[in-house]
Structures are given as structure tokens and as C-alpha cells.
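Written out below as C-alpha cells is the structure these notes cover.
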Amino acid sequence: MTLVFGVFLLTLLVIVAVAIVRSTNLFAAVMLSGIFSLLMAVNFFLLDAADVALTEAAVGAGVATVLFLSALALTAEHEQVRPGGAALQWLPLVVAFATGGLLIYATFQNPVIGDPNAPVHQHVAPWYLENTPELIDIPNVVTAVLGSFRGFDTLGEVFVVFTAGIGVLSILGLRHTLVEMTSAEIDARQRSLRHHLIPRVVGRGMVPFILLFALYVQFHGEYSPGGGFQAGAIAAAAIILYSLLEGDDRGRALVPEWLLQIMVASGALLFGGVGVVCMLLGGSFLDYSVLAEVPSEGQHLGLLLIELGVGITVSGVLLTVFHAFARRASR
Amino acid sequence: MNLDAHLPILQIIVPLMTAPVVSLLRVPSLPWAAATVTSGLAFAVAVTLTGQVLAGGPMSYALGGWVPPYGIELYVDHFSALLLLIITGASTVALAFGKASLDQEVGHERAPMFYAAWLLVVAGLCGIVATGDAFNLFVFLEISSLATYVLIASAPDRRALMATFRYLILGTVGATFYLIGVGLIYMMTGTLNLADMTDRIAEVGELRPVLVAAGFITVGLALKAAMFPLHAWMPNAYTFAPHAATAFLAACSTKAAIYVLIRFDLTVFLPHLSDHAEQVSGFFIPLAVLAFLIGSAVAVFERNLKRMLGYSSVAQIGYILLGLALLSPLALTGAIVHLFNHALMKSALFMAVACLAFRAGSVQLPDLAGCGRAMPLTMGAFVLAGLSMIGVPLTAGFVSKWYLILACLEYGPLGYVLAGGILVSSLLAVAYVWKVVEAAYFQPRPEGARELREAPPAMLAVLWLVALGNVWFGIDTDLTLGLAEQAAATLLGDGS
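Protein chains in written order, with our numbering: chain A, 1 to 331; chain B, 332 to 827.
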């Protein structure tokens with residue numbers, strides 16, 4: 001059954017990908033890429049990677065689509081067709097096909113999906129499965145691997161997100177230079193849904209529930225799929241929804257910019273700070289076991305704090321990026 | 332655990348953790364000061380770490396207290412120690428040098444983000460060379476790349492954005508290729524730890540996914556290293572970046588990619604994949620020769636000083652790759668020493684250019700005509716570093732070229748041709764350095780050009796420090812050659 005679903009989804013993926021490339025309407029391309037991410041999320045779920053699926057759905061299909069749309073508001077809806085560029089377009093096509101061909105060539109000697117004798121199931125992974133209950137004492141092994149065994153990677157990823165945030169701020173500008181405008185003018189420029197009653201009422205009703213769900217995903221990551229990345233993206237999505245419904249100025253009033261900048265920096269610092277505290281208590285960097293009397297309790301505390309750090313930075317950066325684009329559009 | 336045992340992780344987290352703090356500083360000049368002090372601290376850590384490695388051999392650090400390969404390991408040996416010195420050293424001198432120049436170009440409003448990104452580049456590059464884990468390496472590659480894009484895009488020239496965009500696309504392709512390769516190897520070996528991977532890849536070395544992985548990793552890293560003909564992003568990225576940032580990036584950003592390329596190809600692939608030695612030589616030797624011939628030739632015809640030096644970097648990377656491709660201890664020593672020496676000469680050259688641009692407001696050769704009389708100290712340092720780049724005896728550049736030529740002559744009949752190629756490329760380097768000297772000293776100032784005076788003393792002091800470093804490391808080669816010889820021996824140890 002998995003195979004049938006897999007083939008079906010992958011076929012759809014190819015169709016959507018071709019449609020994205022072929023489409024000259026950028027709005028359609030953005031929507032299609034949202035669908036692409038959603039299909040990808042289903043694919044991950046099919047492969048039992050629920051954590052990844054959740055992230056892909058929240059970030060790829062949700063937030064990224066909104067960001068693309070805000071960027072589109074700054075440019076045009078239609079792709080410019082450059083005359084005479086056709087000859088040069090063959091080169092990327094050849095490179096893309098060569099890359100794909102090589103990967104297909106490689107798959108002929110792949111281990112089969114789900115083969116228990118595949119190397120990945122023989123070496124490190126079984127050790128994680130065996131030792132997580134004793135060492136970390138949480139049911140979700142994925143969280144144990146990402147948060148503790150390979151926590152340094154996750155710290156690095158948080159700093160990747162942080163870098164992206166300050167990059168956007170640096171390039172699109174820090175201060176908001178909104179000229180003095182009446183609220184009617186702001187309304188007209190922002191094209192918000194403030195005057196559309198039904199979406200506004202329905203949407204506003206959903207915001208608290210989305211935030212609640214974000215908190216659940218944040219703090220339940222040790223037991224079920226989820227954690228800081230997903231929760232941060234979901235929380236940011238709630239605020240972005242609010243900004244879309246009520247206008248960017250009210251969204252910014254809800255979470256002001258100075259707060260966002262502190263969030264962006266403090267989440268990353270919280271994660272790293274936990275690591276430094278571990279060092280001061282005599283362990284090595286990110287060795288949460290030294291945080292409490294019982295090592296596994298120390299691990300719980302460490303995971304809770306670092307996931308919180310991840311959530312804060314991720315939601316802060318996503319909101320910062322969204323505001324940076326929206327601000328440009330409303331100028 | 333005492334502090335010494337923590338040095339490998341401190342090397343990464345000192346700049347990494349300061350970056351968010353710097354991004355919040357809103358007082359003018361404070362972000363610069365904080366970044367400079369942090370970078371100096373990172374340099375001090377690198378010096379101490381090098382001392383420890385020289386005294387007690389390679390250091391390993393288990394993150395989270397988990398034994399590798401289950402946890403992530405940091406691994407610092409002679410090769411990584413040399414790279415750490417290059418990265419933190421180049422960053423510190425460029426920051427100490429660049430205050431006035433960066434104030435002029437970046438401005439106070441962007442400064443907190445700019446200096447935070449600078450520290451992230453330092454942390455990312457240090458992470459790349461200090462980690463012993465293939466995926467962790469990718470994470471740091473992402474941090475350093477993203478932060479580098481921010482540095483380049485901070486320049487006032489709008490063309491910097493286009494240069495950044497091009498670099499972003501190509502850099503992402505390179506990093507993705509690396510990741511595909513690592514994914515394929517993980518599929519076949521079940522491990523991400525580099526040392527463990529080296530042990531386990533032997534069994535599956537003949538299988539297609541591993542061969543394809545070797546190809547993807549090599550090409551991806553060659554793209555990041557700006558190896559000819561994958562260098563298209565580099566000259567413009569160097570040209571349009573803020574001048575002081577170019578001095579930093581040109582010294583070390585491609586070096587980290589070359590480091591990974593050497594480490595992966597020589598320790599993971601070479602001993603376990605059949606015919607890998609022939610493939611490395613067959614693939615890299617022609618490209619390296621083309622790189623230094625074409626790179627130098629294009630530089631001769633270039634009128635933009637920064638782009639000229641960018642193409643010269645394409646050529647210098649060619650020398651380094653030739654040293655890798657010959658696969659002998661002598662050649663590899665030359666290549667590794669050249670990583671260090673090239674950083675030294677290029678950061679001095681780009682700093683001199685930054686001084687010129689600071690006063691003249693342009694880096695086009697015609698606009699700089701006659702600047703030798705008004706700015707004798709700046710041009711003096713430029714000439715000194717230029718001599719080092721040509722490879723004149725008693726300069727750092729001579730040491731590495733000497734080793735490379737000796738290694739070529741050892742290689743057999745083809746080696747004589749290669750040595751000839753290096754000589755031709757060096758003559759071309761004489762030509763383009765001369766072009767600058769001729770414009771600066773023998774041409775009059777153009778009519779109506781901006782009045783020039785010598786660069787500020789703070790900039791000159793650092794510039795001359797690095798320029799004299801080119802002489803120092805040309806005479807006293809104990810440290811650089813010592814580290815490089817040991818590194819080459821370790822890298823080729825299990826291979827040949």
C-alpha cells in the first residue's frame with residue numbers, strides 16, 4: 001500500500017514541479033510551490049518521518065507561501081520573458097538532467113526501503129533506539145537525537161535561522177520609514193482584509209486556537225512529533241494570519257519590532273547558554289546530564305530549555321522576515 | 332574538565348554566541364569594538380589550541396558527552412589548527428584595520444547586523460574545520476555561507492546585491508551537492524562521523540552510491556572553493572563586497588572549502604575507492620593548470636583592481652589544487668602552506684586596495700593613476716605583498732611555490748610541463764602587478780581627480796603588519812612548514 005501511495009505522490013510531485021517551472025504567472029507558481037510542500041509533507045509522513053512532515057507543512061506550505069506572496073506584492077505578477085535567452089536555458093536543463101541521471105544511477109545499488117539489514121539500521125540508529133529510554137527517558141527518539149545526541153547540529157540550525165533573520169533585516173532595512181499616513185491610506189495600501197467581515201471574524205476566531213496548538217507542539221515534543229522548530233513556525237503563522245486580517249500596523253503593534261529583535265537573539269542565546277551552563281557545571285558543552293541530580297532529569301530540563309530557545313528564535317525570525325516584506329509593500 | 336580540554340568548542344562558541352549580543356547593540360562603534368575583541372579572543376584560542384596540538388597531538392571533543400559516532404565529535408589536528416589560525420587571524424586583522432573603511436561603506440544603522448554576520452562567518456568557518464562530523468560540517472557551511480552573503484550585500488553599491496544573488500544560487504547548489512553526497516554515504520555506511528566513515532566505507536567502496544557520492548562531494552566543494560571553471564561567482568562577489576570584508580573573505584572563505592575537499596578526498600575516499608588516485612589526478616591536474624593560466628591571463632587585462640585580484644585568486648586556488656592533485660607529501664605540503672601564505676598576501680593586497688578606495692573613492696586603475704606619490708606607504712605595502720604573490724625569494728609566496736615546483740619536478744616528464752606552467756603564470760602575475768605599479772608611480776594624476784593623501788595611521792599600521800608578515804613567514808618557516816608537513820603526512824598516511 002505504501003508503495004502505491006508513494007508512486008502516486010511522487011508522480012504528483014513531478015507534475016507540480018513541471019507546472020511551477022512552466023508557469024509564467026508568479027502568483028500561480030507560488031501557490032503551486034505551496035502544494036508541492038504539502039505533497040512533500042505527506043510523503044515524509046508516509047515514510048514515518050512525522051517530525052519532518054510537520055515542519056515541512058508549517059514552514060514550506062504555510063509560512064514560506066505567505067513570504068513569497070509578500071515578496072510578490074513588491075514586484076510584478078508576471079514573469080518577464082527575455083527574448084533570445086532560449087539558447088542559454090539549455091545549459092541548466094542539461095545540468096539538471098545530468099544530476100538527476102547520476103542520482104538514478106546511484107539508486108540501482110541502494111538498500112531497499114524498509115530493509116532491516118540496510119546499513120543505516122545496523123550501526124548508529126539501533127543504539128539510539130536501545131539507549132534513549134535509559135539515558136534520556138523520553139518516548140520520542142527523534143527528539144532525543146535532535147535535541148541531545150546531535151544537539152550541536154540543532155544549535156547550528158538555530159543559528160542558521162538567526163543568520164537568515166539578521167540578513168533580511170540588514171538588506172531590507174531596520175527602521176520602518178512609514179511616512180505619516182491616515183489610517184484610510186494605510187488601509188488602501190496594505191490591502192488587508194480589515195473590511196471583509198467574514199474572513200475577518202472566522203480568521204480572528206482561529207488565532208487563539210492556532211497559538212494554543214503551537215504551545216502544545218512546543219511542550220509535547222518529547223512525547224509526540226513536534227518541538228521548537230514546528231511550534232515556532234505555527235506560532236508565527238498565527239500572528240501572520242492576524243496581520244493579514246487586521247493589517248500590518250496592528251500586527252506590529254501586537255508584537256513590536258524591538259521585542260522581535262530581542263526574541264531573535266535571545267532564543268539562540270538561551271540554547272547556547274544552556275550549553276555553557278553545562279560546561280560550568282563540569283560537563284562538556286550541551287551535556288544536559290549535569291543539570292540535575294539524576295542524569296535523565298537533567299536531560300529533560302535541558303531539552304525543555306533548548307526547545308524553548310528554538311521556538312523563540314524561529315517565530316521571531318519568521319515574523320521579522322514577514323514584517324520586513326510587508327513594511328516595504330506598504331511604503 | 333579544565334579549560335584546556337574545552338578549547339575546541341570555545342573556538343566555535345566564542346564568536347557564535349557573541350553574534351546575537353552584537354546584533355542588539357545600538358550604540359555607534361560598539362558593534363565594531365565587540366566584534367574585534369571577540370575575534371581577537373578567537374585568535375588567542377586558536378593560538379593556544381595550535382600550541383596544544385603541537386605539543387600533545389590531535390584533540391577530540393565529545394559534544395554533549397556522547398561518545399562518537401553516536402554524538403558529534405570535534406576533531407582538531409595540525410591541518411585544522413593551521414586553518415583556524417588563518418581564519419581567526421584574517422578576521423582579526425581585517426576588523427582592526429577596517430573601522431574607518433567599514434564606517435564609510437556600511438554605516439551605523441546596519442552595523443549591528445553586519446558585525447553579527449561577520450562573527451557568524453568566523454564561527455561557521457571555524458566550525459567547518461574543527462568538526463569531525465560530516466553533517467555538522469554542512470550545518471556550519473550553511474551558517475558561514477548565509478552570513479557571507481549578508482557581508483557582501485552590505486556594500487553601498489547596488490551591484491553588490493546582484494553579485495550576492497549569484498553567489499547565493501551557486502553556493503546553495505554547491506552545499507546541496509555536498510549534502511546529497513553525505514546523504515548517500517550515510518545510506519551506505521550508517522554513520523556521519525568522519526573517522527568512523529573512513530573505517531566503514533571500505534566495505535562498500537565499490538558500490539555505485541558511494542562513487543556518485545564522491546562525485547557530488549568533490550564537485551560541490553569545488554564550487555564552494557571557486558575552482559576553475561566553477562569560479563564564476565567569485566570575482567564579482569569580491570569586487571562588490573565592502574573593501575575590508577573582501578580582505579577577510581578572500582583570505583579564508585574559499586580556504587575552508589578546500590580544506591574539506593582535501594580532508595574528504597584524501598582520508599575518506601582515497602584509501603578505499605579503487606582508482607580514486609587516478610581520478611583525482613586526472614580531474615584536478617588539467618583544471619588546476621587551466622585555472623592558474625587563465626586566471627592570471629584574465630587578471631592582466633582587468634582594469635578594476637579588486638576584480639583583478641579576484642581572478643588572481645582563481646589562479647592561486649589553481650596552485651593549491653595542483654598540490655592536492657599530485658598526491659605526494661611534498662606537493663601536499665606546498666598546497667597546505669600556500670593556503671596560509673595566500674591568505675597572508677591576499678589580505679595584505681586587499682587591505683592596500685581598501686586604503687586606496689578609502690581615499691580615492693574608486694578601485695578602477697585609471698582613477699588610481701599617480702597615487703604612488705600621494706600614498707607612498709599604502710603603495711609600498713601593495714608592492715611588497717605583490718612580490719610575495721609573484722613568489723620572489725625571501726617572501727612567503729616563494730616558499731609555497733618552491734615546494735610546488737620541487738614536487739612537479741619529482742612527478743616525472745609531465746611534471747616539467749606543470750613546472751613550466753607555474754613559471755608562465757608567475758610571469759603573468761609580474762605583468763599585472765607591474766600594471767598597477769606603472770599606473771601608481773609613472774602616470775600623472777588625471778585632470779580633476781580627487782586630491783589624495785595617505786590613509787589613516789590605524790589602517791596603515793595593520794596593513795604593514797600583514798605586509799611584513801609576508802616577509803617574516805618567507806624567512807621563518809618553522810611554524811607554517813612544520814604544521815603543513817605534519818598535516819600532509821597524516822593526510823597521506825593511510826593512503827600511500
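Built from N, CA and C at the ideal position, the CB exists for glycine as well.
Quick one: residues in its chain with C-beta nearer than 7 Å to the C-beta of residue 761(B), no 5 flanking neighbours on either side, listed in chain order?
For this step, residue 761(B) is matched to residue 430 along the second sequence. Cβ neighbours of residue 761(B) beyond the five flanking positions: 721.
Label residue 243(A) either buried or exposed according to how many other C-beta atoms from any shown protein chain fall within 10 Å of its C-beta, with 16 as the threshold for buried.
As a first step, residue 243(A) is located in the first sequence; it is residue number 243 there, counting from the start. With 16 or more other Cβ atoms within 10 Å, it is buried.
If you draw a straight line from the C-alpha of residue 58(A) to the C-alpha of residue 356(B), how long is it?
Locating residue 58(A) in the first sequence gives position 58, counting from the first residue. Locating residue 356(B) in the second sequence gives position 25, counting from the first residue. Residue 58(A) and residue 356(B) have their alpha carbons spaced roughly 32 Å apart.
Measuring CA to CA, which of 107(A), 222(A) and 43(A) is closest to residue 146(A)?
Position 146 of the first sequence, counting from 1, holds the residue named residue 146(A). With distances taken between Cα atoms, residue 146(A) lies closest to 222(A).
Applying a beta-carbon distance threshold of less than 9 Å, which residues of chain B neighbour residue 6(A)?
Here residue 6(A) is taken as the residue at index 6 of the first sequence, counted from 1. Near residue 6(A) there are no residues of chain B at all, since even the closest Cβ is about 17 Å away, more than 9 Å.
Whole alpha helix (DSSP H) elements within the stretch 361 to 401 of chain B, 4-residue minimum:
Scanning the stretch 361 to 401 of chain B from its first residue to its last, the whole alpha helix (DSSP H) runs of 4-plus residues come out as 361 to 387.
Beta strand (DSSP E) containing residue 742(B): first to last residue?
If you number the second sequence from 1, residue 742(B) lands on position 411. DSSP places residue 742(B) in no beta strand (DSSP E); its state is neither H nor E.
Partner residues on chain B for residue 90(A), Cβ-Cβ distance less than 9 Å
Counting from 1 along the first sequence, the entry for residue 90(A) is found at position 90. Neighbours of residue 90(A) on chain B: none; closest Cβ ~17 Å, over 9 Å.
Short Cβ contact (8 Å threshold) for residue 363(B) with residue 446(B)
Within the second sequence, residue 363(B) is the residue found at index 32, counting from 1. Within the second sequence, residue 446(B) is the residue found at index 115, counting from 1. With respect to residue 446(B), residue 363(B) sits close: the two C-beta atoms are nearer than 8 Å.
Report the option in 378(B), 345(B) and 384(B) whose CA atom is closest to the CA atom of residue 368(B).
Indexing the second sequence from 1 puts residue 368(B) at position 37. Considering only alpha carbons, the answer is 345(B).
Does the separation of the CB atoms of residue 393(B) and residue 284(A) fall below 8 Å?
Residue 393(B) sits at position 62 when you count from the first residue of the second sequence. Residue 284(A) sits at position 284 when you count from the first residue of the first sequence. Yes, the pair counts as a contact, with Cβ atoms nearer than the cut-off.
How is the beta strand (DSSP E) around residue 407(B) delimited, first residue to last?
Counted from its first residue, the second sequence places residue 407(B) at position 76. Looking at the DSSP string, the run of the beta strand (DSSP E) that includes residue 407(B) is 404 to 407.
What's the C-alpha gap between residue 350(B) and residue 657(B)?
Along the second sequence, read from residue 1 onward, the residue named residue 350(B) stands at position 19. Along the second sequence, read from residue 1 onward, the residue named residue 657(B) stands at position 326. Just so you know, the alpha carbons of residue 350(B) and residue 657(B) end up roughly 40 Å apart.
Residue 591(B) - containing alpha helix (DSSP H), residue span:
Locating residue 591(B) in the second sequence gives position 260, counting from the first residue. Residue 591(B) -> alpha helix (DSSP H) spans 574 to 594.
Taking only the alpha-carbon atoms, compute the straight-line gap between residue 9(A) and residue 398(B) and give it to the nearest angstrom.
Mapped onto the first sequence, residue 9(A) falls at position 9. Mapped onto the second sequence, residue 398(B) falls at position 67. Note on geometry: alpha-carbon atoms of residue 9(A) and residue 398(B) lie some 39 Å from one another.
Got a sec, what are the start and stop residues for the alpha helix (DSSP H) residue 223(A) sits in?
The residue labelled residue 223(A) in the question sits at position 223 within the first sequence. For residue 223(A), there is no enclosing alpha helix (DSSP H), as DSSP gives it neither H nor E.
Just how far apart, CA to CA, sit residue 696(B) and residue 163(A)?
Taking the first residue of the second sequence as position 1, residue 696(B) is located at position 365. Taking the first residue of the first sequence as position 1, residue 163(A) is located at position 163. Approximately 36 Å between the Cα atoms of the pair.
Distance, Cα to Cα, residue 546(B) vs residue 596(B)?
By 1-based counting over the second sequence, the position of residue 546(B) is 215. By 1-based counting over the second sequence, the position of residue 596(B) is 265. The straight-line gap from Cα to Cα measures roughly 10 Å.
Is the beta carbon of residue 561(B) sitting closer than 8 Å to the one on residue 588(B)?
Here residue 561(B) corresponds to residue number 230 of the second sequence, with the count starting at 1. Here residue 588(B) corresponds to residue number 257 of the second sequence, with the count starting at 1. No, Cβ-Cβ distance for residue 561(B) and residue 588(B) is not below 8 Å.
To which residues of the same chain is residue 321(A) closer than 7 Å at the C-beta, ignoring the five residues directly before and after it?
For the purposes of this step, residue 321(A) is taken as the residue at position 321 of the first sequence. These residues qualify, in order along the chain: 67, 165 and 168.
N- and C-terminal bounds of the alpha helix (DSSP H) containing residue 776(B):
Residue 776(B) sits at position 445 when you count from the first residue of the second sequence. Segment: none, residue 776(B) is in no alpha helix (DSSP H) and carries neither H nor E.
Contact with chain A by residue 669(B), beta-carbon distance below 8 Å
Locating residue 669(B) in the second sequence gives position 338, counting from the first residue. Not closer than 8 Å to any Cβ of chain A, the Cβ of residue 669(B) fails to qualify, so no.
By alpha-carbon positions, which one of 531(B), 758(B) and 739(B) ends up nearest to residue 643(B)?
As a working note, residue 643(B) is residue 312 in the second sequence. Per the Cα distances, 758(B).
Sequence-distant residues of its chain with Cβ nearer than 6 Å to residue 154(A) (five each side left out)
Within the first sequence, residue 154(A) is the residue found at index 154, counting from 1. Cβ neighbours of residue 154(A) beyond the five flanking positions: 146.
I'd like to know if residue 388(A) contacts chain B, where contact means its C-beta is closer than 8 Å to some C-beta of that chain.
Any answer about residue 388(A) is impossible in this case: the structure gives chain A only from 1 up to 331.
Secondary structure of residue 562(B), DSSP reduced to three states:
Taking the first residue of the second sequence as 1, we reach residue 562(B) at position 231. Per DSSP, reduced to three states, the secondary structure at residue 562(B) is coil, with no helix or strand assignment.
Give every residue of the same chain whose Cβ lies closer than 8 Å to the Cβ of residue 423(B), excluding the five residues on either side of it in the sequence, and list them in chain order.
Position 92 of the second sequence holds residue 423(B). Closer than 8 Å at Cβ, skipping near neighbours: 367, 370, 371, 373 and 374.
Nearest to residue 70(A) (by Cα), restricted to the options 298(A), 248(A) and 303(A):
Translated into the one-based positions of the first sequence, residue 70(A) becomes position 70. Of 298(A), 248(A) and 303(A), the residue nearest in Cα terms is 248(A).
Please state whether the Cβ-Cβ distance between residue 651(B) and residue 815(B) is less than 8 Å.
In the second sequence, residue 651(B) corresponds to position 320, counting from 1. In the second sequence, residue 815(B) corresponds to position 484, counting from 1. It is not a contact, given that the beta carbons lie outside the stated cut-off.
Since residue 467(B) is in the alpha helix (DSSP H), which residue starts that stretch and which ends it?
Here the question's residue 467(B) lines up with position 136 in the second sequence. Looking at the DSSP string, the run of the alpha helix (DSSP H) that includes residue 467(B) is 465 to 484.
Limits of the alpha helix (DSSP H) - the one that residue 143(A) falls within:
Reading the first sequence from its first residue, position 143 is the one you call residue 143(A). Note, residue 143(A): alpha helix (DSSP H), 141 to 144.
Can you give me the Cβ contacts of residue 407(B) inside the same chain, cut-off strictly under 7 Å, excluding the 5 residues immediately before and after it?
As a working mapping, residue 407(B) is identified with position 76 in the second sequence. Short of 7 Å from the beta carbon of residue 407(B), and not among the five residues preceding or following it, lie these beta carbons of its own chain, in chain order: 339, 380, 384, 389, 390 and 461.
Presumed contact (8 Å Cβ cut-off) between residue 622(B) and residue 648(B), rounded CB distance:
As a working note, residue 622(B) is residue 291 in the second sequence. As a working note, residue 648(B) is residue 317 in the second sequence. Yes, residue 622(B) and residue 648(B) are in contact; Cβ-Cβ is about 6 Å, under 8 Å.
7 Å CB neighbourhood of residue 828(B) in its chain, flanking five on each side removed:
Residue numbering for chain B in the displayed model covers 332 to 827; residue 828(B) lies beyond these limits and cannot be assessed.
Return the bridge partner residues of residue 78(A) from the DSSP annotation.
Translated into positions along the first sequence, residue 78(A) becomes position 78. 25(A), per the DSSP bridge assignment.
Run the CB neighbour count on residue 2(A), radius 10 Å, all protein chains shown included, and call it buried at 16 or more, exposed below.
Locating residue 2(A) in the first sequence gives position 2, where the first residue counts as 1. With fewer than 16 Cβ atoms within 10 Å of its Cβ, residue 2(A) is classed as exposed.
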